[in-house]
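Asks: Under the UniProt record's numbering, read the sequence shown as residues 1 to 370, first letter to last. We treat Cβ as the ideally placed atom computed from N, Cα and C, and that holds for glycine. A quick note: this is a predicted structure, and the numbers were derived from the prediction, not measured. If you scroll down you'll find the structure; I have some questions about it.
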Amino acid sequence: MSNQSTTKEHVLVVGAGYAGLRAALNLAPHVRVTLIDPADRFTERVRLHEKATGRPDVTHSLRTFLRPAGITHIPALISRIDTASAEVHTDTGRVLGYDRLVYALGSRTAGVGGPGASHERVYTAESAAELHKRLLDGPGSLAVVGGGLTGIELATELAEFQPRWQVQLITGGEIAPSVSDKARAHIRSVLVDRGVRIEEHRRVDGPQDIDADVVVWSASMIPNTELAIASGLDVDARGQIRVNSALRSVSHPGIYVAGDAAAAQTPSSGPIRMACATALPLGAHAAASVVRDLRGEDPKPLQFSYKAQCISLGRHDGMIQLVREDDSPRDLCLTGKPAAMVKEQVVRNTVRTLRVASRSPRAAGLLPGN
Ligand SMILES: Cc1cc2nc3c(=O)[nH]c(=O)nc-3n(C[C@H](O)[C@H](O)[C@H](O)COP(=O)(O)OP(=O)(O)OC[C@H]3O[C@@H](n4cnc5c(N)ncnc54)[C@H](O)[C@@H]3O)c2cc1C
């Protein structure tokens with residue numbers, strides 16, 4: 001994409017996670033960009049299980065990404081989107097107009113209610129730090145609920161770094177349903193080696209059903225789309241905003257959506273899952289679509305296909321599950337220390353990609369995984 005100027009147009013990006021930051025950086029050479037997020041630091045959410053077990057910091061100064069790109073940051077929460085006047089209201093009383101809006105408010109772990117439902121969740125730097133504080137009061141028993149990849153990463157990390165705690169992993173089905181039998185067998189053996197008690201096929205309604213000192217709920221992610229719903233945007237049954245192949249809201253054409261908040265799909269991949277691995281390319285595509293739209297050009301459809309699922313199993317083991325275009329597992333997987341090293345490089349590469357995008361968005365698009 002050339003740098004042909006549309007510079008007077010103002011694009012507001014809400015949410016400075018993987019998707020929002022990537023979109024803002026890719027837009028910056030073409031339009032005036034304002035990014036709204038309450039934090040002045042970018043959180044590496046894929047490292048939150050490391051933060052929960054004591055890694056000192058998993059954040060980076062937002063300014064170091066935004067300054068080279070000339071992006072304005074407004075430190076605030078958005079509280080309302082007025083789609084009729086094309087304005088966003090913040091909790092600090094500001095009202096900002098936009099020519100186009102990129103909605104990238106991400107997701108959170110679902111909370112569970114009910115009496116005696118005290119539980120931890122790990123989905124922000126603050127919630128991860130909170131769990132770490134609880135663990136320092138230990139030892140005791142700890143249950144992670146949710147046998148998906150995030151729950152497995154949490155359980156193995158907790159067992160490795162908090163060996164005095166008795167860790168169990170509870171899940172309604174079998175653990176790691178998205179990987180091959182061979183990969184699942186490896187994950188089971190690592191959990192058992194770390195002393196994690198696995199309870200599969202046990203459905204629990206909330207922490208009150210579990211006999212443990214600390215319950216960490218990691219059972220499902222829900223999109224942060226309440227503000228979009230309140231503004232009348234069309235969402236699917238899961239609450240993700242319905243978008244077309246340009247990632248444009250199907251109900252509100254001035255709004256584009258990226259990351260976990262978007263119900264994105266392609267013919268080859270099917271529905272795109274909530275992940276850092278998908279948030280970055282979705283952010284880049286939303287930015288490209290906005291620029292084409294403002295120039296009066298036809299949108300290009302999103303192209304995306306899955307290649308691998310990368311799982312850390314503590315700091316010394318991991319699982320790289322190769323997958324088909326539609327994310328279904330192939331028979332090939334890498335395990336052990338080499339997999340842990342690959343996973344670490346993949347995680348580092350996300351921040352590298354954002355750093356490169358801050359200086360040269362075109363070059364960032366050429367990096368693997370983009
Ligand atoms: C413990 C853990 C481990 C994970 N591991 C992996 C992994 O290994 N691989 C992988 O691909 N994915 C992983 N994920 C999932 C991944 O982190 C998310 O899918 C990804 O962060 C989504 O990116 P996003 O940009 O859509 O949202 P986020 O990264 O969540 O960013 C959303 C941003 O919006 C901001 N925001 C929210 N509300 C408002 C508001 N009202 N106003 C302004 N700003 C707001 C937030 O402050 C945040 O900065 C993991 C998640 C967790 C919790």
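(1) Is there at least one non-hydrogen atom of ligand 1 closer than 7 Å to the beta-carbon of Asp-137?
(2) What do you reckon, are the CB atoms on Ile-187 and Met-341 nearer than 8 Å?
(3) Keeping to the same chain, check which residues put their C-beta closer than 8 Å to that of Arg-63; ignore five residues upstream and five downstream.
(4) Alpha helix (DSSP H) containing Met-341: first to last residue?
(5) To which residues of the same chain is Asp-234 closer than 6 Å at the C-beta, ignoring the five residues directly before and after it?
(6) Given a cut-off of 8 Å on the beta-carbon distance, is the pair Ala-28 and Ile-71 in contact?
(7) Any heavy atom of ligand 1 closer than 7 Å to the CB of Gly-17?
(8) Give the single residue among Leu-77, Gly-111, Gly-106 and Ser-107 whose Cα lies nearest to the Cα of Leu-96.
(9) What first and last residue would you give for the alpha helix (DSSP H) that runs through Arg-22?
(10) Mapping DSSP to helix, strand and coil, what is Ser-312?
(11) Do you know whose CA, among His-132, Ala-219 and Ala-155, lies nearest Ser-173's CA?
(12) Buried or exposed for Val-13, please, with buried defined as at least 16 other CB atoms from any protein chain shown within 10 angstroms of its CB.
(13) So, for Ser-360: in the same chain, excluding its five sequence neighbours on each side, which residues have a beta-carbon less than 8 Å away from its beta-carbon?
(14) Name the one or two DSSP bridge partners that Pro-207 has.
(15) According to DSSP, simplified to helix, strand and coil, what is Arg-295?
(16) Looking at C-alpha atoms only, which residue of Lys-343, Glu-126 and Ala-128 is the closest neighbour of Ala-277?
(17) Val-31: which of Arg-22, Thr-43 and His-10 sits nearest, CA to CA?
(18) Helix, strand or coil for Glu-199 per DSSP?
Replies: With the given structure in hand:
(1) no
(2) no
(3) Asp-40 and His-73
(4) 336-359
(5) Arg-242, Val-250 and Ser-251
(6) yes
(7) yes
(8) Leu-77
(9) 18-27
(10) strand
(11) According to the sequence provided, residue 173 is Gly. The question's Ser does not apply to it. Checking every option, the nearest Cα to that of Gly-173 belongs to Ala-219.
(12) buried
(13) none
(14) Paired residues: none, contrary to the question.
(15) helix
(16) Lys-343
(17) His-10
(18) strand
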